[in-house]
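Written below as C-alpha cells is the structure these notes are about.
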Amino acid sequence: MQICPPALPGDVQLDEQGRLRHFLDIQGLPRALLTDILDTADSFRGIGDAQVKKVPLLRGRTVVNLFFENSTRTRATFELAAKRLSADVLNLDIGTSSSSKGETLRDTLFNLEAMQADAFVVRHSDSGAAHFIASQVTPHVAIINAGDGRHAHPTQAMLDMLTIRRHKGEFSNLKVAIVGDILHSRVARSQVHALKTLGAGEVRLVAPLTLLPSQVDAMGCRVFTNLRQGLKDVDVVIMLRLQKERMDGALLPSEGEFYRYYGLTRETLAYARPDAVVMHPGPMNRGVEIESAVADGPQSLIMDQVTNGIAVRMAVLSMAVSGQTQKGAA
Amino acid sequence: MQICPPALPGDVQLDEQGRLRHFLDIQGLPRALLTDILDTADSFRGIGDAQVKKVPLLRGRTVVNLFFENSTRTRATFELAAKRLSADVLNLDIGTSSSSKGETLRDTLFNLEAMQADAFVVRHSDSGAAHFIASQVTPHVAIINAGDGRHAHPTQAMLDMLTIRRHKGEFSNLKVAIVGDILHSRVARSQVHALKTLGAGEVRLVAPLTLLPSQVDAMGCRVFTNLRQGLKDVDVVIMLRLQKERMDGALLPSEGEFYRYYGLTRETLAYARPDAVVMHPGPMNRGVEIESAVADGPQSLIMDQVTNGIAVRMAVLSMAVSGQTQKGAA
Amino acid sequence: MQICPPALPGDVQLDEQGRLRHFLDIQGLPRALLTDILDTADSFRGIGDAQVKKVPLLRGRTVVNLFFENSTRTRATFELAAKRLSADVLNLDIGTSSSSKGETLRDTLFNLEAMQADAFVVRHSDSGAAHFIASQVTPHVAIINAGDGRHAHPTQAMLDMLTIRRHKGEFSNLKVAIVGDILHSRVARSQVHALKTLGAGEVRLVAPLTLLPSQVDAMGCRVFTNLRQGLKDVDVVIMLRLQKERMDGALLPSEGEFYRYYGLTRETLAYARPDAVVMHPGPMNRGVEIESAVADGPQSLIMDQVTNGIAVRMAVLSMAVSGQTQKGAA
C-alpha cells in the first residue's frame, strides 16, 4: 500500500482557471477549493429538508454511474445527488457488461463518452483507476472518484469534513483521531489529506502496528497504538470500518480482541473531550469497532454524515460539470 | 400462519387527523379511508389514458423501492406510479446490497432515511416486515407494504376493490368468492379485510380443506370446499395463484387434480351469475387454477386489474407522502 | 439462417397514413420513410452537443426496455435516447423476472401493456421475436427491435446510414463494402436492406466462403472472398464483429488466420479510396477483425457511430410513439 504516492500534478483535477475539472483525490487540491466544496455543499444541505428536493443545475446533463465494484450505498447517494440536480442518471454495472464480450476498458470509455455523458462516477477495486480514466477521456467529461482500491475516497472525506465543520467550526482548533484499520483504508488516506489541507490542529492515527502502513511517518500525523492515549482530549473521533473481507488472518488475532483494545465504547470515548463527536463511514460492524450505545448515542454524527454525503456529492458534481460553486462561477 | 392476527392500533397507519401515514395492512383502516383511496385512484385512472401520464404531486420527492424479495411486476408498477407522480425513484435490491457487508437492517434503514427519502415501498418474505420498518423510521418517512410474507398485500387488495367498484358499483349488493390457495395467500387475507370493511354483501372462501387456514371461522366468511356450490350466484370470482413454490407435496395431490376440482373453467364459471366478473392477481398458472378461455374471455377483468394497480399505487403514495386525496387535504 | 426471409407486409410497421408504427426491420420500409428517420435523427444530433440535452417530445410517455438478451451498450443508448426525449424509462431484465414464476410471454406482454407503456424496446436471441411481440400488442404500443437473433438490428443499420450520409452525402455515388462474419450478423442483413433501399451505388460483401450465407446471391450484392479486391476503390468500409461466441470451430481456422486474410489494417485499407471512411458496430475485437491503428485512425468514424446511435434511437422512438418527424406530422 502506498499511503503517500508521489504527488499528482494539480492540473489533472483543475482547469486553467483553477476550477474543478475532475475530483479524483484530495491530495493536490488547494485549501480554497476544498472550502468552496464545503460552502457549496452547505448551500445544498437545505434542499434535502425541503419538500421539493430538486434544483435545475444539471438539467439535461447525463451522469453515468460506472461501478466496477459493487456498492449499493455509495451508488445510491450519487444517484440521488445527480437526480436532485435534475441530471439524467445511467447506472452501469460494468462487471456484467461488454467487458465480457472482450472489449477493452478504453473502448468502453470511448463509447460512453460518445454517448455524450457529462460525468462518470467511478468505483473500482484497483488503486488509480479513476486517474487512469481521467487521463483517457476528453476534457468535457468530468470524472468523480467514488473509491479506487486502497487509494482514495475523496467524496467520503469531504462529507466527513462538512460534518466536522458544521458541528465544530474551524479546523485549526481541532484535534481529530482516526481509529482502526488505517492500512487498508482509502477513506483514512483521503481524510488525512483533507484534514491537513484544511489546517486541522492535530491529526492522530490510532491502530495496532499491524494495521498501520509502513510509511506512516510520512503522513505527518501523530501515531498511537494505545486507544486511550490516542483519544485523550480529542474533539473528533473517526472510527474506520474493519475491512474483514480484505484481511488475511495474520494481521489480527480476532474480532473480539480488536474490540477489547480498539473498539470505541462509552468507557474509551470518555477519554476524549466531553463534547467530542463520533463519526463512522459505514457500514458499521457493531460490537467489532464500535459499541452500539456509542453509535446510537448523543455524540454520534453517523446519520448526519449520510445526509451530508448527498450534499457533498451534489456540490462536486455541479462544480465539475457546470462550474457552479457557491460563488457562482460559470 | 395467522390469518387473523391481533388487531393493530389504528394510529400506526394514521396520523392524529386520521390521514394516511403508512399503508401496511387493510386491517384497522376505517371504511372512509378505503373509500378515499378508491376515489383518489379513480381520479388517477384517466391519467394513464392521456398522452402525458404525469402529475406533479410528488415532484422533488424520493421514493425508494426496497425489495428484499424479487418481484419484477410489483416493483415495476410502483416505479411507474411514483414516476407518474413526478417523484424520483431509487430501486434497491437489498438481497445484493450492504447486508452482505454485515450491516444490520436497522442500520440500512437509518442510512436510507438519512438520504432523505420520503417513502419506502417494502417487499419482504417475512410477515410483519413492513410494520417493523414503520416502527423504526421517523414520522416523515411513509412505509408502503408491497407484500410481506403471508401477512398482507394491501395495494393488491385495493386495486381489486377498485376493479370491482368500477364494474359492479356498490359493495353491499355483491356476493364475492375468493377461490384457491387461501392458506398461503397474503392477497386473500387483505381482500377479506377490504371486502368486509367496504361492506360487501357476502364473502366466500372456496378451497380444499388442506388449503384453508385453521382459524378460517374467525374470518367471518362463508366457507365452501365445493367449487360449484361456492360459485353459485356470485357476482365476482377472484381466483388466487397456486403458490407452487411455497407448497410441499403433502397439501395437494397434483396440479391436474386441483384443476379438476377447483379450476375456473367455462363450465364451473356458469354457476356464477351470468354477469359475474373474473379476477386474478397474476401471474396466472393457466390450466392449473384457471382455463385460458376464461382468463381471456369477456368476463375477465385481469388486465384491467393491472391498470388499476398503477392508479391505486399512485393514490396510496400521494396520500401517504403529501396528504393529497381526492378531497384535497394537505 | 434466412438472410432473405419472405417479405413482410409493410403495414405491420406502418399505419394507414404510411407513418411508422413499429420499427422491426428495414426490409419492407419505403425509401421516403428511411430518409425521414435520417432527417429527424439529424435534427436531434445537435441536442447532444447542447448543455441541456432534452426535448419534451415524449414527456409523460413510458418506454419499457424489454431485454431478454443482455446488452449493456444498446440498452444504455436506448435509455439515454428515451430520457433525452423526456420519457419515463422502465428497465426490465426479463431473464430474471416473472417468467421464472411460470407466466407465459404473452401474459407478461399483456401485463406490461396494461401498465400503459407507449413503447417496448425489445432485444431477444430468437429471430422474429420483435415481430411476434408486435403481432400481440394493441396498436397504441410501439415495438422497436433492438436486435433479434440473426434476423435484424434496424436501429444499428440506420445509425450507420446516418454516419455515412453525414460524411459522404448521397448514397447513389457510393461503393460500400461490408466485411467479415456476414453469416451470423443481424447487423449486416439490416445494413444491406438499408443501403439497397437508400440507393447505394454498389454494395459489396467480403468474407470467407464459410462466413457467407448460402442464399447470398439473392441479396443483390457483389460478393468477394478476397479482401483486397473487395476493398478496391470503395468509399465506405464497414467491418463486422467476429461473433466468436456464436461460432463453432469448424467455420474458422483461427483468429490469427482470420486477421491475416480479412483483418482491416493500414495496408489493406490502402486499397480503398484515400478518403474512405471506416465503421464498426462495436464492440471491437482489436487485432482480430481490425488493427488498432485503423480503429483509432483519421478515417475511423467508430465513435461518431455511437453518438449517431442516440440520435437515431430518439428519431425512431419519437416517430413511432408520437408520430413526430422532421416534417411535423402528428
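Going down the list, the protein sequences come from chains S, Y and X. Number 330 marks the last residue of the first sequence (the UniProt record's numbering); no jumps. Number 330 marks the last residue of the second sequence (the UniProt record's numbering); no jumps. Number 330 marks the last residue of the third sequence (the UniProt record's numbering); no jumps. Every residue, glycine too, gets a C-beta built ideally from N, C-alpha and C.
At a cut-off of 7 Å, the C-beta of Pro283(X) has a neighbouring C-beta in chain S. Ranking Leu159(Y), Asn285(Y), Ala134(Y) by CA distance to the CA of Ser190(Y) puts Leu159(Y) first. For the 7 Å CB-CB criterion, Ala114(S) and Val306(X) form a contact. Our two residues, Leu109(X) and Thr108(S), have alpha carbons roughly 32 Å apart in a direct line. The beta carbon of Arg123(X) lies closer than 7 Å to those of Phe67, Phe68, Glu69, Ser71, Thr74, Ala146, Gly147 in the same chain, with the five residues before and after it left out.
Within the same chain, Thr77, Leu80, Ala81 come within 6 Å of Ile310(S) by CB-CB distance, once the 5 residues on both sides are set aside. Taking C-beta atoms as the reference points, Ala177(S) and Val234(S) count as a pair closer than 7 Å. Distances from the alpha-carbon of Ala200(X) to those of Pro298(X), Leu212(X), Lys175(X), Arg186(X) put Lys175(X) closest. Linking Asp15(X) to Asp39(Y) through their CA atoms gives a straight-line distance of about 37 Å. Taking 3 residues as the shortest admissible run, the region 221-293 of chain Y contains the following complete beta strand (DSSP E) segments, listed from N- to C-terminal end: 222-224, 236-239, 277-279. Residue environment for Glu257(Y): exposed (fewer than 16 other C-beta atoms within 10 angstroms of its C-beta). For Phe171(S), the CB contacts under 6 Å within the same chain, skipping 5 residues up- and downstream, are Leu198, Gly199, Ala200 in chain order.
For the 7 Å CB-CB criterion, Leu34(X) and Val64(X) do not form a contact. Just so you know, the alpha carbons of Tyr262(Y) and Thr268(Y) end up roughly 9 Å apart. The beta carbon of Phe120(X) lies closer than 6 Å to those of Val64, Leu66, Ile143 in the same chain, with the five residues before and after it left out. Spatial neighbours of Leu209(S) in its own chain (CB-CB distance under 7 Å, excluding positions within 5 residues in sequence) are listed in chain order as Thr225. Of all alpha-carbon atoms in Arg186(S), Leu252(S), Val294(S), the one lying nearest the alpha-carbon of Gln27(S) is that of Arg186(S). Asp25(S) counts as buried, since no fewer than 16 other beta carbons sit within 10 angstroms of its beta carbon. The beta-carbon of Asp88(S) is placed less than 7 Å from the nearest beta-carbon of chain X.
Membership of Arg204(Y) in the beta strand (DSSP E) is indicated by the continuous run 202-206. Straight-line measurement puts the Cα of Leu227(S) at about 11 Å from the Cα of Thr265(S).
Taking 7 Å as the cut-off between beta carbons, the residues of the region 301-328 of chain Y near chain X are Met303, Val306, Thr307, Ile310, in sequence order. With respect to the 7 Å criterion, Ala315(Y) and Ile37(Y) are classified as neighbours on the basis of their beta carbons. Only exposed fits Gln51(S), as fewer than 16 other CB atoms lie within 10 angstroms of its CB. Counting the other CB atoms within 10 Å of its CB gives Gln229(X) a total below 16, which places it among the exposed residues. Classified as exposed, Arg260(Y) has fewer than 16 neighbouring CB atoms from the shown chains inside 10 Å of its CB. Counting only residues of its own chain and dropping the five nearest sequence neighbours on each side, Lys168(X) has a CB closer than 8 Å to the CB of Leu174, Asp235, Val236, Val277. For Ala272(S), the closest alpha carbon among the candidates Lys232(S), Ala32(S), His140(S), Pro139(S) is that of Lys232(S). For Val52(Y), the three-state secondary structure derived from DSSP is coil. Here Asp39(S) carries a helix assignment [DSSP, helix/strand/coil]. Residue state for Arg31(X) is assigned as helix, using DSSP reduced to three classes.
Using a Cβ-Cβ cut-off of 8 Å, Gln299(S) is close to nothing in chain Y; its nearest Cβ partner there is about 16 Å away. Assigned with DSSP and collapsed to three states, Gly46(X) falls in helix. The alpha helix (DSSP H) runs of length 4 or more contained entirely in the region 139-181 of chain Y are, from start to end of the chain, 154-168.
Nearest C-alpha to Pro298(S) among Pro274(S), Gly282(S), Pro281(S): Pro274(S). Between the alpha carbons of Ala152(S) and Ala130(S) lies a gap of roughly 10 Å.
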